[in-house]
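K.L.:
Numbering (full-length UniProt numbering), first residue to last: 1 to 344. Every residue gets a Cβ at the ideal spot worked out from N, C-alpha and C, and that includes glycine. Handing you a structure now.
So, in structure tokens, the structure goes:
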């Protein structure tokens, strides 16, 4: 994090709808610039069911057997779920990998996935892979599926492809461990490039209701800006809080901007990369310091729906609207999230 003018966001109140572990870096930047940051997740990751877990484990077992030329990873969540699956697969193989491994790798994922090349959507995902001992072979310069496809090599030179639609060699297979809400952009693009994409659901995205104090503050005009880090977050902001034209919205990339536009949210700025530094730069460009240092801007509250059982249709594992755990104690930065010493 570079030096920041301590008054660059003076008097500004910024909502960061992310989990504390993912939103704290940006929150620190906002606070260092004189702003007030509130980190409150509106979505969360949900484990897949037993059938989905079996399908994921089968795909990882095939990966271990060299069945995939590439693995394309579009989120840190997917890395986490692949690592958990690799641990299960390795355990089922009666310790063969451990017995034969003369140079222990940091994790089962790197032990099982030595034959494939890895493509990632951005630097955060690359770092998550590196924590498991895997170096990404391709990092998208633009943090989106479109950005990945722009630099992905053709499966074979076009001159070598038969004109009658048949192929002299089988299409290389690409494992796509995605969230359940991911669009098919990557699948379609890879097919065009001559690959055979194999999509498997690695996790589900579910609604996480906003804490009541955040809802009340939003409706009272208590936020100057909101940071949208995915299309799912943009839709949940609209569904749970309501669209406010007086709140400046910053998007992490073009897909998020498009999703926000689809629910009526105008985007003031788009980050140049999926990093905290880029999001902070976009926030500065969109917002700047307040003209007064009041605790909340003086605006007319916009009408908003009651806190919903999410109209986006995102449910918990039992098919019910997701709810907050009982007994949580709000922290100053993380309302509705259990307070721990690390959040101080």
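Would you please state the rounded distance, in angstroms, between the beta carbons of residue 200 and residue 124? I believe it to be under 8 Å.
P.N.:
That pair is no contact at about 21 Å.
K.L.:
Could you pull out every unbroken alpha helix (DSSP H) segment of at least 4 residues lying fully inside the region 28-78, listed in chain order?
P.N.:
50-64
K.L.:
CA-CA distance, residue 122 and residue 149?
P.N.:
13 Å
K.L.:
With respect to the beta strand (DSSP E) encompassing residue 14, which residues constitute its N-terminal and C-terminal limits?
P.N.:
13-16
K.L.:
Please classify residue 10: does DSSP put it in a helix, a strand, or coil?
P.N.:
Reduced to three states, the DSSP call for residue 10 is coil.
K.L.:
Between which residues of its own chain and residue 172 is the CB-CB distance below 6 Å, once the five residues before and five after are set aside?
P.N.:
69, 155, 195
K.L.:
Can you give the Cα-Cα distance for residue 269 and residue 256, rounded to whole angstroms?
P.N.:
So the alpha carbons of these two residues sit roughly 11 Å apart.
K.L.:
To the nearest angstrom, report how far apart residue 55 and residue 135 are at their CA atoms.
P.N.:
25 Å
K.L.:
Tell me which residue opens and which closes the alpha helix (DSSP H) that residue 257 is part of.
P.N.:
254-262
K.L.:
Could you check what DSSP says for residue 230 in three-state terms: helix, strand or coil?
P.N.:
coil
K.L.:
Just verifying my parser: in three-state terms, what is the DSSP assignment at residue 343?
P.N.:
Note that residue 343 has pLDDT 22, beneath the 50 cutoff, so the model's placement of it is unreliable and the number below is only indicative. In the three-state scheme derived from DSSP, where H, G and I count as helix and E and B as strand, residue 343 is classed as helix.
K.L.:
Buried or exposed: where does residue 74 fall if 16 or more other Cβ atoms within 10 Å of its Cβ makes it buried?
P.N.:
buried
K.L.:
What is the DSSP secondary structure of residue 89, counted as helix, strand or coil?
P.N.:
helix
K.L.:
How many angstroms separate the CA atom of residue 71 from the CA atom of residue 174?
P.N.:
Distance from the CA of residue 71 to the CA of residue 174, rounded to the nearest whole angstrom, comes to 6 Å.
K.L.:
In or out: residue 258 buried (at least 16 other Cβ within 10 Å) or exposed?
P.N.:
exposed
K.L.:
Could you tell me the distance, in whole angstroms, from the CA atom of residue 279 to the CA atom of residue 208?
P.N.:
22 Å
K.L.:
Start and end of the beta strand (DSSP E) containing residue 177?
P.N.:
173-179
K.L.:
Three-state secondary structure (DSSP) at residue 152?
P.N.:
coil
K.L.:
Can you list, in chain order, the residues of its chain whose CB lies under 7 Å from that of residue 217, leaving out five sequence neighbours each side?
P.N.:
223
K.L.:
Just to confirm, is the Cβ distance from residue 19 to residue 44 under 8 Å?
P.N.:
yes
K.L.:
Going by other Cβ atoms of all chains shown within 10 Å of its Cβ, with 16 needed for buried, is residue 282 buried or exposed?
P.N.:
buried
K.L.:
Nearest-angstrom Cα distance between residue 183 and residue 116?
P.N.:
Each residue's Cα considered, the two are about 24 Å apart.
K.L.:
Assess contact between the region 235-244 and the region 29-47, defined as three or more Cβ pairs (one per stretch) separated by less than 8 Å. Is contact present?
P.N.:
yes
K.L.:
Pull up the distance between the alpha-carbon of residue 231 and that of residue 243, whole angstroms please.
P.N.:
So the two alpha carbons sit approximately 14 Å from each other.
K.L.:
Tell me the DSSP secondary structure of residue 297 in three-state form.
P.N.:
Any reading at residue 297 must be qualified, since the residue scores a pLDDT of 34, below 50, and its modelled position is unreliable; the value itself is stated next. If DSSP states are grouped into helix, strand and coil, residue 297 belongs with coil.
K.L.:
Per DSSP, which residues does residue 204 bridge with? Please list them.
P.N.:
46
K.L.:
How close, in whole Å, do the beta carbons of residue 225 and residue 273 come, if the pair is a contact with beta carbons under 8 Å?
P.N.:
About 19 Å; that fails the 8 Å criterion.
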